[in-house]
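Below is one structure, written out as structure tokens; comments come after it.
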Ligand code: HDD
Ligand code: HEM
Ligand code: HEM
């Protein structure tokens, strides 16, 4: 591969993957904080209000990291993918600009009020500011997903005389069916992250015998949300995403599933390593006919394999794509199992004392991050070799004027910077968890720090 | 006015709003180490900008997004051509954000001094970089027939064919920006705080004034000297005369209002000064959006704007979005109006 191309891809992949570690928690927690605030307001319950304030502190730190890693994303379309931007900007510029106008303004304005304004606002107004932050985060998610969805499944455009893509139908583009399902699936994944993190902190408090009252609330809210959204993650949203891929990117589906040769009664592969050289799967463990069933709802349906497509249209990195997909799906199954059992225990009133389950819940916090990242890797690797599916290849889209050396310089710069940010973020969040939900005075992350001395 | 021209002015206004708003928190950062001495004063500066700086910075993103949407080719050429300085701006923005937000998390003098320095130095450098960026746009870049260019950080600091991001002219504009925003930040801090800190900020604003006046004049002369074409629009459309009137009368008002302690008036005048300078630059460029060193390769509104349907649809949602954004800003600034109180918790 051309080394400038490789560097630009790595540049984008690294920064996007790192960025998305933060918004998934932002978007998930935002919803859960609204839940806590709503319960606090309706029952006039001080503990729930303190709980919301505690999570707002963690939210605040995470948000800052999401913002600072998000700004480079917006820039990189131009800096690293300028040919692509010139080509597709007439369409995807719409959603990127709308994200700023409708989501970021809302979110950033009300976040200030939410974090700093509790004393100045009435409880209802403070609740409203939490809702506004949540709406901002979720709207932001939609616009960026719609942008990505256009790259996966371009609709609503026409080709102008100079060869660039221009907007033909605003609604077709914005309400892209790919975007709708991708959004549902992705946002549900974000809530899964938020729920697992909240549960894990609650489990930690219960296990260590500190902040018991809070620990119970976090575990309860987290497990209920985690169970609902883990199920939504698989059905209907994951299933529908899979349908879309099989309809519009059949070669991607074949690579995701590791199906080298097309067949009827295609099996669903649970485990196994793709062996590209020999065009087969090593050590397969499969459920016969299941793949045909899942994609076409018939056991004996013919599923096209990679052999049905010209090799230059195959995704470039089939093993990684295959593993990403299987990790996501495997973890998805695991989440339902864990949260399902936890919910049963909660129901029967035994969860708070079931230490083994609390241990599992505490240690599971990293997995949704892995699943979400793997999901994105599936989507983005699966789109290859296209940058805009069927229209522009990835190798055509990068900034030809930016040499590999300059790209490497800034990639290394981002790696160093993000390492520092990551360590700082983990350190500060760990500290907040250690401090625990402080008294009512802790109106903001910043205040808590100055008063907890 | 054509649709493209309308969007040109929309983007120009958004950039101006960005500089006026984020300018005061950048400027507050630039004077931070000198103007705020004690821990309490530093906390008060941070409290004065804390609830608003992120919202201010969103204007940069929104302006960037709008630029992408309305002029995709301009966005593509300029962002890849200014690759290195933009990446550095990104790093500085990151450092600055964590400087503001993470400082107060740990009550340890070493930790806090470190983040104080991070905040101040990144703010100063950002002021200079933004000024230099404006300088590059006015001076022109080495575009060729492909519509792309790539500028190294510097070559020989002279204005030949092989220009870099930094040369004597762009550095000069960087200095103008630093002085202007430092003054702007001082006016804001004077407005938002009292006692010693407020007095010191006012003194600082006064100190900046002669520098600002001097560098404004120098930069205008230098601009005419390196790029006489900037006068074309001014001689063609008399309305352009408003620009120097606004710029110099704002300067005069600042000189009058600052010593009298009329902080609000001084701050508004400083905002108008910035708006005048930026709108003046946009006026001089129009309808060119990115001048080339070789004029035949200039990028213009017509050669870079997106399709007509996209631009018209955009007017609808943009107007709606802008009304909402203004409403949020009015609300937030109202909530946090008045002087920052000493006892008040945050930061
Ligand atoms: C908590 C995270 C999580 C979990 C448990 C799952 N997913 Fe997922 N998945 C995502 C998080 C995610 C994601 C990060 O949200 C992705 C990446 C791109 C996107 O829009 O959503 C995604 C994409 C994605 C795609 C699109 C790939 C493409 O666009 O090429 C499919 C087909 C699935 N998922 C299917 C599933 C199925 C069948 C699951 C059943 C267990 C599943 N996902 C669990
Ligand atoms: C929704 C917003 C997103 C958009 C618009 C987007 C767009 C892009 C673009 C333009 C590229 C470079 C071109 C290419 O290599 O195909 C890319 C590559 C990539 N992105 Fe995304 N991305 C988004 C979100 C994400 C997220 C959240 C992740 C990870 C968690 C991610 C992971 C990757 C990876 C791994 C690559 C490299 C693929 C390769 O080079 O083979 N993306 N994406
Ligand atoms: C590659 C494409 C992406 C771009 C260009 C991008 C751009 C940005 C920018 C500029 C910010 C900072 C906003 C501010 O200052 O308030 C941000 C934060 C955010 N982004 Fe991204 N982003 C990308 C990927 C994603 C994805 C895939 C999602 C989720 C679906 C997402 C969701 C968010 C959210 C919710 C925030 C709010 C702040 C936070 O969560 O910490 N972004 N993004």
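Chains as they are written, first to last, in my numbering: chain A, 1 to 453; chain B, 1001 to 1347. In this text, a Cβ means the ideal position worked out from N, Cα and C, and glycines have one as well.
What does residue i reach in chain A if we use C-beta pairs closer than 9 Å?
i	result
residue 1321 of chain B	97, 98, 100, 101, 102, 105
residue 1041 of chain B	Simply none; closest approach about 15 Å.
residue 1297 of chain B	Near residue 1297 of chain B there are no residues of chain A at all, since even the closest Cβ is about 14 Å away, more than 9 Å.
Go ahead and pull the three-state DSSP assignment for residue i.
i	result
residue 281 of chain A	strand
residue 394 of chain A	helix
residue 1264 of chain B	helix
residue 449 of chain A	With a pLDDT of only 37 at residue 449 of chain A, under 50, the local geometry of the prediction cannot be trusted, and the value read off the model is given with reservation. DSSP places residue 449 of chain A in helix when its eight states are reduced to three.
residue 10 of chain A	helix
residue 1286 of chain B	coil
residue 365 of chain A	coil
residue 1219 of chain B	helix
residue 263 of chain A	strand
residue 1154 of chain B	strand
residue 1126 of chain B	helix
residue 155 of chain A	coil
residue 401 of chain A	coil
residue 171 of chain A	helix
residue 1345 of chain B	With a pLDDT of 48 at residue 1345 of chain B, under the threshold of 50, the modelled position of this residue cannot be trusted, and the question is left open.
residue 1209 of chain B	helix
If you follow the beta strand (DSSP E) that residue i is in, where does it begin and where does it stop?
i	result
residue 269 of chain A	268–275
residue 166 of chain A	165–167
residue 47 of chain A	No beta strand (DSSP E) holds residue 47 of chain A; the alpha helix (DSSP H) holding it covers 46–79.
Between which two residues does the alpha helix (DSSP H) holding residue i run?
i	result
residue 320 of chain A	318–347
residue 94 of chain A	82–98
residue 142 of chain A	123–152
residue 244 of chain A	239–248
residue 1059 of chain B	1053–1070
residue 314 of chain A	Taken as a continuous stretch (DSSP letters only), residue 314 of chain A belongs to no alpha helix (DSSP H), as it is neither H nor E.
residue 1046 of chain B	1039–1049
Below 8 Å on C-beta distance, what does residue i contact in chain B?
i	result
residue 402 of chain A	1080, 1083, 1150
residue 166 of chain A	1306, 1307, 1309, 1310
What residues of chain B sit near residue i, judged by a beta carbon separation below 7 Å?
i	result
residue 406 of chain A	1083, 1084
residue 67 of chain A	1054, 1097
residue 71 of chain A	1061, 1090, 1093
residue 12 of chain A	Within chain B, no residue comes near residue 12 of chain A; the closest Cβ sits about 13 Å away, beyond 7 Å.
State the Cα-Cα distance for the pair residue i and residue j, rounded to the nearest angstrom.
i	j	result
residue 35 of chain A	residue 197 of chain A	15 Å
residue 1164 of chain B	residue 74 of chain A	24 Å
residue 1081 of chain B	residue 355 of chain A	58 Å
residue 417 of chain A	residue 1228 of chain B	42 Å
residue 1024 of chain B	residue 1059 of chain B	13 Å
residue 1170 of chain B	residue 1137 of chain B	9 Å
residue 1120 of chain B	residue 113 of chain A	25 Å
residue 323 of chain A	residue 367 of chain A	15 Å
residue 268 of chain A	residue 289 of chain A	7 Å
residue 187 of chain A	residue 332 of chain A	14 Å
residue 106 of chain A	residue 72 of chain A	20 Å
residue 1217 of chain B	residue 1266 of chain B	20 Å
residue 1100 of chain B	residue 1110 of chain B	15 Å
residue 359 of chain A	residue 45 of chain A	28 Å
residue 48 of chain A	residue 433 of chain A	17 Å
residue 1134 of chain B	residue 194 of chain A	42 Å
residue 454 of chain A	residue 53 of chain A	The first residue shown for chain A is 1 and the last is 453, placing residue 454 of chain A beyond what the model contains.
residue 1048 of chain B	residue 63 of chain A	20 Å
residue 1222 of chain B	residue 1314 of chain B	38 Å
Find the residues of chain A that neighbour residue i, judging by a C-beta separation of less than 8 Å, and give them in chain order.
i	result
residue 1231 of chain B	Here the premise fails: no neighbours, minimum Cβ distance about 31 Å.
residue 1016 of chain B	None at all; the shortest Cβ gap to chain A is about 16 Å.
Quick one: which chain A residues come within Cβ less than 7 Å of residue i?
i	result
residue 1154 of chain B	The contacting residues do not exist; residue 1154 of chain B stays about 14 Å from chain A at best.
residue 1073 of chain B	86
Original post:
Counting pairs of Cβ atoms below 8 Å between the region 169–180 of chain A and the region 119–136 of chain A, do you hit three or more?
Top reply: no
Original post:
Given 8 Å as the limit, is there contact between the region 397–404 of chain A and the region 1130–1150 of chain B, that is, 3 or more CB pairs closer than that?
Top reply: yes
Original post:
If we count Cβ pairs, one from each stretch, closer than 8 Å, do we get three or more for the region 376–385 of chain A versus the region 316–332 of chain A?
Top reply: yes
Original post:
With a cut-off of 8 Å, do at least 3 Cβ pairs link the region 1051–1059 of chain B to the region 1302–1314 of chain B?
Top reply: no
Subject >> Cβ pair count under 8 Å reaching 3, the region 1028–1037 of chain B against the region 1192–1209 of chain B >> reply: yes
Original post:
Is it true that the region 269–279 of chain A meets the region 222–242 of chain A, where meeting means three or more beta-carbon pairs spaced less than 8 Å apart?
Top reply: no
Original post:
Between the region 1069–1089 of chain B and the region 89–96 of chain A, do three or more beta carbon pairs fall short of 8 Å?
Top reply: yes
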